[in-house]
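This report refers to the structure that appears directly beneath it.
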Amino acid sequence: MAITERPPMALPSGEGERDFQPLGVFRRPTAHTGWRSWITTIDHKKIGIMYGVAALVFFLVGGFEALLIRTQLARPDGTLLSADAYNQVFTMHGITMIFLVVMPMANAFANYLLPLQIGARDVAFPRLNAFGLWCFLAGGIFLNTSWLFGGGADGGWFAYAPNTGVAFSPGHGMDFYALGLLITGIASTTGAINLTVTIINMRAPGMTLMRMPVFTWMTFVVQLLLVFALPVITVALFLLMFQRLFDANFFDVSAGADPLLWEHLFWIFGHPEVYILILPAFGIVSEVIPVFSRKPIFGYPFMVFSGIAIGFMGWGVWAHHMFASGIGPLSVTAFSLSTMFIAVPTGVKILNWMATMYGGRLRFTTAMLFAIALVGMFTIGGLSGVTHAVAPSDTQQTDTYYIVAHFHYVLFGGAIMGLFAGMYFWWPKVFGHQLSEGLGKWHFWLNLIGFNLTFGPMHILGLQGMSRRIYTYEEGYGFDFWNLVATIGAFTIAVSMLVFIANIAISKRRAADAAPVGPDPWDARSLEWMVSSPPPEHNFDELPVVTRLDEYWHRKYAEGDDHKVRRVASAEDVMDPGERTDVHLPSPSYWPFVVALGLPLVGYGLIFSLWWAVLGGLAVAGGIYGWAFEPADDDENPPHDHHDDDHGDDDSGAAAELPTDTADGDDEAEPIEGEQAAEEAPVG
Amino acid sequence: MADATTETGAGEDQPGMGVAHAVGEAVHAEVGGEHHTSTGLSNEKLGMWVFLGSDCLLFGGLISTYLLYRHRSIGGPGPTDVFDIPFTSVSSFVLLMSSLTMVLALSALLRGDIRRNRIWLLTTALLGATFIAGQVFEFTAFKREGLGYTTNLFSSSFYTLTGFHGVHVTLGILMLLSLFVMSLRGNLPRERAETVEIIGLYWHFVDIVWIIIFTVVYLIP
Amino acid sequence: MSVTTEQESHAEEAAAEVERLEHEHPRDFLYVQIAVILAVLTAAEVATYNQDVSDALGDFQIPSLLLLMCIKFALVIMFFMHLRFDHRLFSWIFVGGLVLAVGVYIATLLTFQYWT
């Protein structure tokens, strides 16, 4: 057995000897600063920030598309957009907001916070995590290049076939749709597997499942939903792609196909998808409200189980999107009943949030305002949702603006507002300075008022009979007034977004002069507040031992003999110092970036010329091999946290590397002088 | 090919671990595998099972599409016109046996029998390749009989379903061959048995999907 | 802890894990037995292709084919994929996906009145 002469391959944990250069083509990246460090990073925190930046940029894109829609519809017989252009704009608006804004923004929070909240150093598969980011970015950009190649997707975000077949959607738009969503779907699937394993397997000692923060729990449910729902739309998209590119017959009615097949496959994904969109916001709000009510979340087990219930029940209601599609009275009845039931666990959450606030000492910070707004706005959206569950009334409502009102109330009033709450809440943790509360309040009120002005009237318009997806309407239908109001509301939202962007910029500038934010500016409850702001690269010096729910809170406060809760330690006392320099971390890698870059090439190839697909395929295959044979850790140049090089918050790691906004989310970091530049000198 | 995780505390956190045990919480501190995890299970293996669970939804969708469409074609050959059950039975048998050789490969490696492991890995890959060759032969025969990809509903859904399965098998063959080459270079010792186990899980899954396809597509009239 | 001591303890842990795996895995002979059973079941399935056999089975042909399929499926899952002897979490995850798939797709086919 010749094996005994050679030392064994490095153990997967990375320790062990290695006497060969994997592939020997490129050196292992070593950068810890500069743009290369962002491209090759596998640090969940940097990845989270990049997801967030990209999502915000796409939010502006989708918002611009929304303004185009509202401008077109402000007056009857609008002339800004032709019917064809309008179809593209509203389709891309929906796709962008759902797949390129809400999902990645939620992922930004999940990526950044999850390891911190469960007391881990990173996620289970750091390189896979990086791949997910680049893959998402590749898919999102690919999808939007459709505008340059003849027009955006134009079949609605739900892409009903055969309308989206070549006969009725002859341009390339729907090809970009199918391929773009397949690419972003890969990103979400790998991310979901990653976070599922992370939550199950990488919790700190003592962190049982029922001691995890509610945000972690909701994220867990979301990842399981993603893992099981994404394959279904993958099938649908492949069928559509094969139909369009290779003349398959799946949705060709003249060949005997059934259009309902698309609808079923799409909505079996599509309904769990809406819970994927809202549960992270629910999780965020479940963190924010207790902190600013100075009370623990009311009914923690119920919050957890209702989230799980929503996850389960969400699989049984999909055909309520198809009540008017001719599925027959038996199916309609069954799905109508199941849909009514799913309101229950959500109602439990609403009540628990309100009960948390009741009797609490409320602090109306901007984060809290957005969180309370979610509770209110989502309730409104949920109530209109209940009216949809009643199939006969839905038959009148469906395909009208009443539905548009419903889903914007739950998605904007719910998900987006929840995400804003999260941004204001966790901004100091991530960036080391707070967003301005004054500007934040302006942002909030303009946003809330604008939002209600935009979507409130749509309930009325819908019931008055205004159809969805029409590029204009004539005078004399009585739609004029409320459409104008809605447009004014939309521009109010736009102003609020300008305020938000100004807030980001101004707060960053002010941070240079302000006192450094400590670990725990809000006096919060979960483990991420136990580390410095921003956290060191290795997260914790010592992984915390968890003995109860809200472990961090209970290290600061204790109940005395008189049953009064008293402060027993300051945040600084309890804080994990974050000073260790010998923590073994996995090495950066560029392979995830390479593999992700190959995927859109395959996409372009399938649409235009197969040679690109071959090239892309080679990049993907080569990248995967490079990745597989690259050890997780580089022993010749073991990475360790460069935290000791940071001095104060002027050039503390993340703040100094804060990327300037570029259109595609690729970040140029400002170069750091002095010691860190010396650190970058290549090791021999 | 395992994607390692960061240290979660086994190496550095002796004091922390000690306290955890003293506190006596229900931490599954079974120190099996290369790194400590909350359940004692390997991250990579858990990840593969999650992936396989999701793949059920993928193949379920393709199978349902096939079931819906197979008798709804307008014109063109149908299943009974083209299927050669004896031939496909042999293919199915080949794939089933490849599952046996796969598990024998793992068993050999666990015993430390690197050579046997290598032989069984190669055999599994070859059996898989035989299966694919059989598929290719079968499809070209169908094509000659007038069943192209775009011929009718049955053909599109049949080729898509079996095509997806075939791609899964091919990727599996590539992984097995990679393991074989690694073993030749001495990079697949007993300590890396888990890698073989995880790729084995993928391979067996591909086999059980075929078990379903063979019955549902070919045998059930 | 020094790097070498860490290495040693990791090597020990890995060796212990391999020991544990080896003792838990059934012997090769069992695998061959299972393979033989699978082959026999497959032969039985294929036998239904024969006209006489399928006539004899009548209405029971499809259920018996499905039953044979399920048995083969279960054998490979439980023994070759080791699910029977592994941590229950793996079973929960995989069976969860499987049940979800079967449920959702059967419901879909039902709405197509597939079986009427």
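So the sequence lines, in the order shown, correspond to chains A, B and C.
Residue numbers for the first sequence follow this note's numbering, so the first one is 324 and each next one is one higher.
Residue numbers for the second sequence follow this note's numbering, so the first one is 3 and each next one is one higher.
Residue numbers for the third sequence follow this note's numbering, so the first one is 5 and each next one is one higher.
C-beta atoms are modelled at their ideal positions from N, C-alpha and C, and glycine is treated no differently.
It should be emphasised that the depicted structure is a prediction, and the values quoted were computed from it without experimental measurement.
Tell me residue i's beta-bridge partners as DSSP assigns them.
| i | result |
| --- | --- |
| S159 (chain B) | S159 (chain B) is not bridged to any residue. |
| R890 (chain A) | A:Y880 |
| T723 (chain A) | A:S790 |
Got a sec: is the Cβ-Cβ distance from residue i to anything in chain A below 7 Å?
| i | result |
| --- | --- |
| V108 (chain C) | yes |
| L87 (chain C) | no |
| L104 (chain C) | yes |
| A19 (chain C) | no |
| N45 (chain B) | yes |
| F53 (chain B) | yes |
| T39 (chain B) | yes |
Would residue i pass as an interface residue toward chain B - the criterion being a Cβ-Cβ separation below 7 Å?
| i | result |
| --- | --- |
| G101 (chain C) | yes |
| A447 (chain A) | yes |
| V640 (chain A) | no |
| V520 (chain A) | yes |
| M73 (chain C) | yes |
| F98 (chain C) | yes |
| N524 (chain A) | yes |
| D63 (chain C) | no |
| F84 (chain C) | yes |
| I516 (chain A) | yes |
| G347 (chain A) | Below a pLDDT of 50, predicted positions are generally treated as unreliable, and G347 (chain A), at 46, falls in that range; the measurement from the model is reported next regardless. False, the Cβ-Cβ gap to chain B never drops below 7 Å. |
| F33 (chain C) | no |
| L79 (chain C) | no |
Does any CB atom of chain C fall closer than 7 Å to the CB of residue i?
| i | result |
| --- | --- |
| H206 (chain B) | yes |
| I591 (chain A) | yes |
| S75 (chain B) | no |
| I116 (chain B) | no |
| I87 (chain B) | yes |
Considering Cα atoms alone, identify which of the options is closest to residue i.
| i | options | result |
| --- | --- | --- |
| D1011 (chain A) | A:F465, A:C458, A:F499 and A:G462 | As shown, chain A starts at 324 and ends at 1007. That puts residue 1011 (chain A) outside it, with no answer to give. |
| P780 (chain A) | A:I516, A:L771, A:Y725 and A:A527 | A:Y725 |
| V818 (chain A) | A:M535, A:A835, A:A837 and A:I772 | A:I772 |
| T142 (chain B) | B:I214, B:V211 and B:V84 | B:V84 |
| H861 (chain A) | A:A835, A:S910 and A:V655 | A:S910 |
| E49 (chain C) | C:K76, C:G101 and C:R31 | C:K76 |
| S100 (chain B) | B:I215, B:H206, B:Y220 and B:L221 | B:H206 |
| W641 (chain A) | A:L660, A:Y623 and A:V576 | A:L660 |
| I516 (chain A) | A:V537, A:L908, A:P449 and A:S492 | A:P449 |
| F95 (chain B) | C:A47, C:F116 and C:Y53 | C:A47 |
| A728 (chain A) | A:M636, A:T364 and A:W805 | A:W805 |
| K295 (chain A) | A:D717, A:I816, A:H731 and A:S855 | Limits of chain A in this structure are 324 at one end and 1007 at the other, which puts residue 295 (chain A) out of reach. |
For this session: Indicate whether the contact test is met: 3 or more Cβ pairs, each with one atom in the segment 562-581 of chain A and one in the segment 524-531 of chain A, closer than 8 Å.
Result: no
Problem set entry | Residues within the segment 94-110 of chain B neighbouring chain C, beta-carbon criterion of under 7 Å | S94, F95, L98, M99, S101, L102, V105, L106 and S109
Exercise. Is the segment 433-446 of chain A touching the segment 895-903 of chain A, taking contact as three or more C-beta pairs under 8 Å?
Worked result: no
Exercise. How do the segment 576-594 of chain A and the segment 644-657 of chain A stand: do at least 3 beta-carbon pairs fall below 8 Å, yes or no?
Worked result: yes
Exercise. In chain order, what residues of the segment 39-59 of chain C put their CB closer than 7 Å to some CB of chain B?
Worked result: A39, L42, A43, T46, E49, V50, T52 and Y53
Problem set entry | Three or more C-beta pairs below 8 Å linking the segment 789-797 of chain A and the segment 750-766 of chain A | no
Problem set entry | Three CB pairs or more closer than 8 Å across the segment 939-951 of chain A and the segment 874-890 of chain A | no
Problem set entry | Contact set between the segment 563-589 of chain A and chain C, restricted to residues whose Cβ is under 9 Å from the partner | D581, L583, L584, H587 and L588
Exercise. Closer than 9 Å, Cβ to any Cβ of chain C: which residues of the segment 541-560 of chain A, in chain order?
Worked result: L547, V550, F551, P554 and V555
Exercise. Going along the chain, which residues of the segment 648-669 of chain A sit with their C-beta nearer than 8 Å to a C-beta in chain C?
Worked result: I650, G651 and S654
Exercise. Given 8 Å as the limit, is there contact between the segment 365-372 of chain A and the segment 440-452 of chain A, that is, 3 or more CB pairs closer than that?
Worked result: yes
For this session: Please determine if the segment 678-696 of chain A and the segment 608-619 of chain A are in contact, where contact requires at least 3 C-beta pairs separated by less than 8 Å.
Result: yes
Exercise. Just by C-beta distance, which residues in the segment 125-156 of chain B are closer than 7 Å to chain A?
Worked result: Y151, T152, N154 and L155
Problem set entry | Proximal residues, the segment 178-199 of chain B versus chain C, C-beta separation under 7 Å | R192, E193 and A195
For this session: Count the C-beta pairs between the segment 795-802 of chain A and the segment 398-405 of chain A that are closer than 8 Å, then say yes if the count reaches three, no if not.
Result: yes
Exercise. So, do the segment 157-174 of chain B and the segment 209-219 of chain B have three or more beta carbon pairs nearer to each other than 8 Å?
Worked result: yes
Exercise. Just checking, does the segment 60-69 of chain C make contact with the segment 127-139 of chain B on the three C-beta pairs under 8 Å criterion?
Worked result: no
Exercise. Any residues in the segment 495-512 of chain A with a beta carbon nearer than 9 Å to a beta carbon of chain B? Which ones, in chain order?
Worked result: T512
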